[in-house]
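**Student:** Provided herewith is a single structure, encoded as structure tokens, for subsequent inquiry.
Numbering (our numbering), first residue to last: 49 to 123.
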């Protein structure tokens, strides 16, 4: 049997994180720091050669996952 690995990646920073506000299902976008950190993390996570990228439909989650998916050519 082939071992499988699941990587969990929290969404990038939003203005609400900075303000220590609970986000829940509210959908604040990533701030500039969050977008920059997502790009840096995507480069590192790509070294694991993921075969799929899955995220919540919240904008902050999609925008965090997008740099990794784009780098890997995944939807």
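C-beta atoms are modelled at their ideal positions from N, C-alpha and C, and glycine is treated no differently.
Just so it is clear, the structure is predicted and the values come from calculations on it, not from any experiment.
To the nearest angstrom, how far is the alpha carbon of residue 59 from that of residue 87?
**Tutor:** Spanning the two alpha carbons is a distance of roughly 12 Å.
**Student:** According to DSSP, simplified to helix, strand and coil, what is residue 62?
**Tutor:** Residue state, collapsed to three classes: strand.
**Student:** With 16 as the cutoff for other CB atoms within 10 Å, does residue 62 come out buried or exposed?
**Tutor:** Buried is the call here.
**Student:** Taking Cβ to Cβ, would you say residue 75 is nearer than 9 Å to residue 108?
**Tutor:** Cβ atoms of residue 75 and residue 108: closer than 9 Å.
**Student:** Which of helix, strand or coil does DSSP assign to residue 93?
**Tutor:** Three-state result, residue 93: helix.
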